[in-house]
């Protein structure tokens with residue numbers, strides 16, 4: 005028998021090695037294919053689970069029956085209703101707040117601030133305080149959305165609720181006390197005076213005589229000064245001044261309000277039967293400041309309003325306007341501020357004197373009619389709505 009040569013054995017071995025390499029490649033391909041199929045099956049299952057979970061979250065009910073309560077000048081409480089099953093699932097609340105379009109905006113408030121609040125879900129009603137720079141006496145619109153936070157950080161949310169409107173309130177006693185504390189530091193020393201006075205045009209006094217029986221009738225306080233002062237547009241009165249010139253002790257010769265001046269004895273208005281209240285402290289982009297005080301006869305309608313809305317001052321001891329009793333009563337006013345005194349009852353012209361002022365020009369820039377408060381002044385602003 006013929007024995008194969010060495011070269012033949014080598015060829016056989018090489019052929020066997022090639023077949024083994026092919027087998028291993030096929031085996032590796034099959035293993036990889038199986039792994040891919042298993043991964044695809046797992047991913048498909050997870051995708052299906054995620055889709056089902058998202059479908060479940062998207063069924064969040066829309067918040068309804070929105071109610072606003074406990075409204076102040078810078079805060080409010082809000083509550084709403086939602087499906088019972090959502091209560092345990094919801095993780096966050098979204099609250100959208102904006103000024104009511106077409107309202108008379110307070111132009112001096114911060115405008116570039118977020119309008120949406122994201123809060124962790126909690127018990128209702130929810131207190132909203134300090135999240136926005138709210139203005140007093142301003143109309144706002146608010147809407148609510150509930151949400152569930154997902155593991156990836158995204159949110160699944162409900163539809164927005166209907167929009168609800170509300171109006172913020174006036175300064176409360178605590179805010180007025182803050183203004184009062186600031187005003188006290190600016191008042192300066194006390195100067196004596198003897199008369200209250202009121203400047204107006206000749207036409208005004210002619211109207212008082214012909215149409216009002218000779219009585220200056222109370223009218224609503226305008227919107228000058230702090231936007232949140234409780235007396236703006238709500239309390240009637242007759243505005244008077246009492247500031248005097250430093251060198252003469254007499255009323256100033258000029259006035260921005262008119263060339264005729266009505267003067268009435270201080271003792272007729274400032275006496276033990278009258279109550280004194282603090283109402284406002286403000287400036288108009290100037291170095292000097294104004295303090296608004298209210299004089300109301302005890303027991304009058306104006307007095308009742310002031311008792312529930314304004315801090316009362318001791319008539320004999322306060323930094324703005326004082327009465328010291330005696331055989332010759334002494335009356336004093338603060339020297340470093342301009343006092344605006346609102347007397348809540350009619351004033352008869354026959355109880356005083358009417359005369360032309362000696363000044364030759366009118367300082368219209370000093371008029372405070374509907375004047376807006378400087379929001380940047382650190383002397384007369386507090387940490388709530390201007």
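In our numbering, the protein residues as written are 5 to 390.
For every residue, glycine included, the Cβ atom is placed at its ideal position computed from N, Cα and C.
Suppose the cutoff is 6 Å on Cβ atoms and the five residues either side in sequence are ignored; what does the same chain contact list for residue 115 look like? Looking up residue 115 in the chain shown gives position 111. Low local confidence applies: a pLDDT of 40 at residue 115 is under 50, so the model's placement there is unreliable, with the coordinate-based value given in what follows. Beyond the five residues adjoining it in sequence on each side, residue 115 comes within less than 6 Å, by CB distance, of no other residue in the same chain.
State whether the segment 264-279 contacts the segment 195-204, with contact taken as three or more CB pairs (one from each stretch) at a distance under 8 Å. Between the segment 264-279 and the segment 195-204, the count of Cβ pairs shorter than 8 Å is three or higher; the stretches touch.
Locate the beta strand (DSSP E) running through residue 376, then write down its first and last residues. Within the chain shown, residue 376 is the residue found at index 372, counting from 1. Boundaries for residue 376: no beta strand (DSSP E) harbours it, and the DSSP string shows neither H nor E there.
Judging by CA-CA distance, which residue of 70, 100, 91 is the nearest neighbour of residue 64? Position 60 of the chain shown, counting from 1, holds the residue named residue 64. That would be 91, whose Cα lies nearest to the Cα of residue 64.
Note down the Cα distance separating residue 137 from residue 388, rounded to an integer number of angstroms. Here residue 137 refers to the residue found at position 133 of the chain shown. Here residue 388 refers to the residue found at position 384 of the chain shown. About 8 Å.
Buried versus exposed call for residue 229 [16 or more other C-beta atoms within 10 Å across all chains shown]: Taking the first residue of the chain shown as position 1, residue 229 is located at position 225. Classification of residue 229: buried, given that the 10 Å Cβ count is 16 or more.
Can we count residue 254 as close to the ligand GDP, meaning its CB is less than 7 Å from some heavy atom? For the structure depicted, the ligand GDP is absent and the ligand set is empty, with no information on it obtainable.
What does DSSP give as the partner residues of residue 265 in its beta bridges? Translated into positions along the chain shown, residue 265 becomes position 261. Bridge partners of residue 265: 203, 359.
May I ask you to verify whether the segment 122-134 touches the segment 68-80, counting CB pairs closer than 8 Å and requiring at least 3? With a cut-off of 8 Å, the segment 68-80 and the segment 122-134 count as touching, because enough Cβ pairs lie within range.
Near residue 190, what residues of its chain come up, given a Cβ to Cβ distance below 7 Å and the 5 sequence neighbours on each side ignored? On the chain shown, position 186 is the one that residue 190 refers to. So the list reads 293, 340, 341, 383, once near-sequence residues are dropped.
Just to confirm the assignment: which complete beta strand (DSSP E) runs, minimum length 3, are found wholly within the segment 207-270? Runs found: 240-244, 264-269.
Considering only residues of the same chain and omitting the five flanking positions on each side of residue 96, which have a CB-CB separation below 8 Å? Locating residue 96 in the chain shown gives position 92, where the first residue counts as 1. Excluding residues within five positions, the ones whose Cβ falls inside 8 Å are 122, 123, 124, 125, 150, 151, 152, 153, 159.
Suppose only complete runs of 3+ residues qualify. What are the beta strand (DSSP E) ranges in the segment 286-317, listed by chain order? At a cut-off of 3 residues, the continuous stretches assigned as beta strand (DSSP E) that sit fully inside the segment 286-317 are 293-301.
Three-state secondary structure assigned by DSSP to residue 8: Position 4 of the chain shown holds residue 8. At residue 8 the pLDDT is 49, less than 50, meaning the model places this residue with poor confidence; the figure from the coordinates comes in the next sentence. Note: residue 8 maps to coil in three-state DSSP.
With distance defined between alpha-carbon atoms, name the residue in 336, 179, 260 nearest to residue 77. Locating residue 77 in the chain shown gives position 73, where the first residue counts as 1. Of 336, 179, 260, the residue nearest in Cα terms is 179.
Count the other C-beta atoms from every protein chain shown that fall within 10 angstroms of the C-beta of residue 224, then say buried if there are 16 or more, exposed otherwise. Residue 224 sits at position 220 when you count from the first residue of the chain shown. Burial call: exposed.
On the criterion of 16 or more Cβ atoms from any shown chain inside 10 Å, does residue 323 qualify as buried, or is it exposed? Within the chain shown, residue 323 is the residue found at index 319, counting from 1. Residue 323 should be labelled buried.
Using CA coordinates, which residue listed in 331, 298, 358 is at the minimum distance from residue 343? Counting from one through the chain shown, the residue named residue 343 turns up at place 339. In this structure, 298 is the residue among 331, 298, 358 with its C-alpha nearest to the C-alpha of residue 343.
Which residues in the same chain as residue 81 place their Cβ atom closer than 6 Å to its Cβ, once the five residues preceding and following it in sequence are excluded? Along the chain shown, one-based indexing puts residue 81 at 77. Cβ within range, chain order: 73, 74, 129, 131.
Check the DSSP bridge columns for residue 100 and list the partner residues they point to. As a first step, residue 100 is located in the chain shown; it is residue number 96 there, counting from the start. 120, 147, per the DSSP bridge assignment.
Are residue 285 and residue 186 touching if we call contact CB-CB under 8 Å? Position 281 of the chain shown, counted from the first residue, corresponds to residue 285. Position 182 of the chain shown, counted from the first residue, corresponds to residue 186. The answer is yes: Cβ separation under 8 Å.
By the DSSP assignment, the alpha helix (DSSP H) with residue 190 in it spans what residues? Here residue 190 refers to the residue found at position 186 of the chain shown. Start and end: 177-190.
Given 8 Å, three or more beta-carbon pairs between the segment 297-315 and the segment 249-269: In the pairwise beta carbon analysis, the segment 297-315 is classified as not touching the segment 249-269: fewer than three pairs are separated by under 8 Å.
Can the beta-carbon of residue 315 be found closer than 8 Å to that of residue 349? Start at 1 with the first residue of the chain shown, and residue 315 comes out as number 311. Start at 1 with the first residue of the chain shown, and residue 349 comes out as number 345. Their beta carbons are not under 8 Å apart, which means residue 315 does not touch residue 349 by this criterion.
DSSP puts residue 85 in a beta bridge; with which residues? Position 81 of the chain shown, counted from the first residue, corresponds to residue 85. Per DSSP, 68.
Buried or exposed for residue 265, going by 16 or more other Cβ atoms inside 10 Å? Looking up residue 265 in the chain shown gives position 261. With 16 or more Cβ atoms within 10 Å of its Cβ, residue 265 is classed as buried.
Residues bridged to residue 73 [DSSP beta-bridge criterion]: For the purposes of this step, residue 73 is taken as residue 69 along the chain shown, with counting starting at 1. Beta-bridge pairing by DSSP links residue 73 to 81.
Taking only three categories from DSSP, how would you classify residue 273? The count along the chain shown starts at 1 and reaches residue 273 at position 269. Under the three-state reduction of DSSP output, residue 273 falls in the helix class.
Assign residue 284 to one of three DSSP states: helix, strand, or coil. Stepping through the chain shown from its first residue, residue 284 is reached at position 280. Residue 284 falls in the strand class under three-state DSSP.
For residue 86 and residue 311, the rounded distance between their alpha carbons: As a working mapping, residue 311 is identified with position 307 in the chain shown. As a working mapping, residue 86 is identified with position 82 in the chain shown. Residue 311 and residue 86: Cα-Cα distance of roughly 42 Å.
Alpha-carbon to alpha-carbon, residue 133 and residue 111: The sequence position of residue 111 within the chain shown is 107, counting from 1. The sequence position of residue 133 within the chain shown is 129, counting from 1. Confidence is the limiting factor: at residue 111 the pLDDT is only 37, short of 50, which leaves the residue's position unreliable, though a coordinate-based value still follows. Each residue's alpha carbon lies about 21 Å from the other.
Kindly list the residues whose CB is nearer than 8 Å to the CB of residue 329, restricted to its own chain and excluding five residues on each side of it in sequence; keep chain order. Walking along the chain shown from the start, residue 329 turns up at place 325. Non-local C-beta neighbours of residue 329 in its own chain, meaning closer than 8 Å and more than five positions away in sequence, comprise 276, 320, ordered along the chain.
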